[in-house]
Each structure stands twice: as C-alpha cells, then as structure tokens.
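Numbering (the numbering used here), first residue to last: 15 to 384.
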C-alpha cells in the first residue's frame with residue numbers, strides 16, 4: 015500500500031481518482047506536470063483471470079483539471095504485469111485504469127466532464143476552455159461534442175419522466191430565399207409538477223410534424239412510454255395525433271401559455287369580425303375597436319387608468335361591440351384562473367369558466383371551449 019500524500023492529493027483532488035502524487039514539475043510552456051501512482055492497482059489477467067506478477071511501470075501522460083489557472087498534465091505510473099499461466103495467451107498486461115481515463119484518451123474522464131460544464135454552465139468559449147487545459151480548439155470542441163452525445167444517449171437520462179412537454183421552435187430564421195428550419199423540442203416537466211426543480215431539456219428533433227414526434231416516441235423503450243402520464247403541447251393536431259397513437263396511457267393537454275395565446279387569438283378574431291360587420295372595412299385610425307387592439311390583450315392589472323378608460327369607451331361605443339366585450343371578459347378570467355395561488359382554486363375557476371362558454375357565447379369562444 016502506497017503512502018498517501020494527503021495535502022497534495024487533497025489540493026489537486028487526485029484522491030478522487032485513486033492515485034497518489036509522488037512528484038511535480040513545471041515546463042517551459044507554463045504547464046504543471048503531476049506524477050502519481052495508482053493506489054490499488056488491479057493485477058488480474060484479462061485473459062485467464064489469475065493474478066499477475068509485477069514487471070514494471072509505464073508512464074501514461076494525460077491532461078487533467080487546471081491547477082491555479084495553469085494547464086495540468088497528469089503522469090500516471092501504470093503497472094505492467096506478467097501472466098505466469100502457461101495456458102493463457104496473454105503474456106504482459108497493464109493495470110486497468112479505465113475509471114480514471116478511457117482507453118487511448120488524451121484527457122481524464124473528469125476533465126472531459128469539466129470541459130462540457132465550463133461551456134454549458136459557465137458559458138465559457140471553446141477558446142477559453144482550450145487555453146485553460148492547454149489543448150487545441152479542435153480537440154476541446156471534439157471532446158465536448160462526444161461527451162454531450164454520450165450524456166444525451168444515456169438511458170438513465172429518461173428515467174422518472176412522467177410529464178412530457180412538446181413544442182416547436184424556429185431553429186433558423188431565413189430572410190429572402192430559403193426555408194426556415196423548425197425543430198420539435200421535448201422537455202421533462204416532471205420536476206416542475208413535483209416542485210423539485212426546473213424543467214429538463216430531453217431532445218430536439220428536426221421538423222415540426224406528426225412523424226417527428228411519433229418517430230421519437232417510438233424509438234424510446236416501452237417502459238418510458240408507459241411511464242408518461244401527461245403530454246403538454248400547443249394546439250397542433252399533429253402532435254396530438256402522434257401522442258394518441260404511441261402513448262396509450264397518456265393524456266394530451268394544452269399548456270397554459272398556448273391556452274392563453276389561443277384565447278388572445280380568438281379575442282383578436284372576434285374584434286376583427288365585429289369591426290368588419292359594423293364598419294365594412296378593416297381597422298383604421300379613429301375606429302373604436304381598432305384603437306384598443308393592443309390594450310385588449312394586456313392583463314387588467316398591468317393597464318393604466320387611461321388605458322382602462324379607452325377600453326371601456328371602445329367596447330361601449332356601439333351595441334354591436336357586446337361580443338367583443340364578452341370575449342374580452344373571458345380572456346381576462348382565463349388569465350386569472352391560471353394565476354390563482356392555490357391549484358384547487360384555479361381548477362374550480364377554470365371549470366366554471368369552461369362551463370360558462372359552451373353555449374350562448376360568440377362563436378370564437380365556442381371554438382375555444384372545444
């Protein structure tokens with residue numbers, strides 16, 4: 015058993031790697047070289063499983079975490095053993111240090127994780143990270159991409175997902191010629207529902223179609239699909255159909271943002287319809303409804319007294335504006351229902367609201383109730 019260098023191992027956190035520092039040096043490139051030995055090397059022959067006899071040590075140099083702002087090179091003295099079993103095809107083998115560094119890798123496993131965290135969490139550029147670890151831009155970028163792909167493909171990442179959020183996102187905006195690129199974004203909303211943390215991004219799939227979502231869900235294992243209880247989405251029928259065809263136990267719901275957005279669209283459509291019916295043309299400056307088009311979509315609590323007066327005057331300007339007034343009241347009640355501090359009160363308010371708008375209301379509200 016080697017003697018631990020407690021102070022140095024603690025400062026450099028090599029104690030976490032299962033190695034102990036035996037020496038250190040600086041080079042002319044401002045790098046720190048740390049020399050260490052494996053504390054508990056495994057001498058089991060990979061060919062026959064018998065213990066081998068120590069032959070010598072070889073130096074394995076890999077990049078490690080920066081020390082006080084300087085790039086670090088870790089020199090691991092890896093034991094080599096002789097297999098004395100005459101029936102084994104293996105003659106010489108090395109101690110397994112795959113928990114410290116992957117085979118043929120240039121960096122320790124913890125450094126690869128640190129590189130990705132520095133870019134994603136700390137918002138460091140690839141250039142800054144490359145300078146910190148003393149490696150090229152291309153090497154650091156490749157390491158980050160490989161680690162990200164490894165994390166994304168880890169099956170355990172999807173464990174515990176019960177509430178799945180689905181939405182579209184315009185990935186690329188194109189002016190002039192060319193098509194804009196859309197992706198389907200999948201998010202784990204379970205932590206928000208449980209109150210244990212923020213939502214987690216699960217994946218982004220090219221396209222915004224039924225096939226994009228269905229193919230992604232089909233590629234997951236049955237246990238994942240059976241675990242999903244709720245899928246939140248916008249009003250796109252393709253997502254709803256894909257959910258119904260692949261997640262038999264899940265309930266598709268529209269998330270609050272899209273419900274309020276849909277209600278705002280219905281209010282706008284109602285205002286435009288009444289505008290045409292009463293004035294015979296699209297909104298113009300001076301028209302009562304056109305003048306309040308923006309304040310109508312603003313929550314009452316955020317309106318100034320002047321804006322409230324303008325809305326009241328605009329809605330009461332003509333008797334035919336009653337449909338807009340009713341739709342506006344429902345729009346505000348919908349927002350208030352979502353804003354209730356207690357979930358039970360919000361559900362009761364929403365239930366009463368939906369029951370109220372099923373019949374005898376402007377046609378835009380009847381469509382919203384569906």
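Where a beta carbon is used, it is the ideal one built from N, C-alpha and C, also for glycine.
Bear in mind that the values here come from a model prediction, so they are computed numbers and not experimental data.
Residue i by DSSP, collapsed to three states: which one?
i, result
"residue 376", "coil"
"residue 294", "coil"
"residue 305", "helix"
"residue 350", "helix"
"residue 263", "coil"
"residue 179", "strand"
"residue 106", "strand"
"residue 356", "coil"
"residue 214", "strand"
"residue 332", "coil"
"residue 29", "helix"
"residue 318", "coil"
"residue 122", "coil"
"residue 80", "strand"
"residue 58", "strand"
"residue 20", "helix"
"residue 238", "helix"
"residue 312", "coil"
"residue 133", "helix"
"residue 143", "helix"
"residue 203", "coil"
"residue 208", "helix"
"residue 279", "helix"
"residue 229", "helix"
"residue 299", "coil"
"residue 114", "coil"
"residue 164", "helix"
Out of curiosity, what's the CA-to-CA distance linking residue i and residue j?
i, j, result
"residue 195", "residue 219", "11 Å"
"residue 119", "residue 110", "14 Å"
"residue 115", "residue 183", "38 Å"
"residue 331", "residue 302", "7 Å"
"residue 293", "residue 372", "28 Å"
"residue 365", "residue 174", "30 Å"
"residue 65", "residue 54", "14 Å"
"residue 82", "residue 44", "12 Å"
"residue 164", "residue 126", "11 Å"
"residue 169", "residue 306", "52 Å"
"residue 321", "residue 309", "7 Å"
"residue 20", "residue 232", "52 Å"
"residue 15", "residue 152", "Annotation note: pLDDT 43 at residue 15 (below 50); position unreliable, coordinate value reported separately. Their Cα atoms are separated by approximately 40 Å."
"residue 60", "residue 102", "10 Å"
"residue 289", "residue 327", "15 Å"
"residue 23", "residue 145", "24 Å"
"residue 42", "residue 86", "13 Å"
"residue 197", "residue 274", "23 Å"
"residue 262", "residue 239", "8 Å"
"residue 368", "residue 237", "35 Å"
From the DSSP output, which residues share a beta bridge with residue i?
i, result
"residue 37", "49"
"residue 198", "182, 219"
"residue 64", "None; residue 64 has no bridge partner."
"residue 89", "49, 75"
"residue 245", "178, 266"
"residue 70", "94"
Less than 8 Å between the beta carbons of residue i and residue j, yes or no?
i, j, result
"residue 199", "residue 213", "no"
"residue 281", "residue 341", "yes"
"residue 95", "residue 155", "no"
"residue 80", "residue 147", "yes"
"residue 291", "residue 333", "no"
"residue 243", "residue 264", "yes"
"residue 143", "residue 90", "no"
"residue 172", "residue 234", "yes"
"residue 158", "residue 133", "yes"
"residue 67", "residue 98", "yes"
"residue 311", "residue 344", "no"
"residue 46", "residue 35", "no"
"residue 176", "residue 74", "no"
"residue 179", "residue 279", "no"
"residue 224", "residue 252", "yes"
"residue 314", "residue 346", "yes"
"residue 48", "residue 88", "yes"
"residue 77", "residue 121", "yes"
"residue 316", "residue 246", "no"
Stretch-stretch touch, CB-based, cutoff 8 Å, three pairs: the segment 282-289 with the segment 346-356:
no
With three or more beta-carbon pairs closer than 8 Å as the criterion, would you say the segment 257-266 touches the segment 221-231?
yes
Please determine if the segment 120-140 and the segment 100-107 are in contact, where contact requires at least 3 C-beta pairs separated by less than 8 Å.
no
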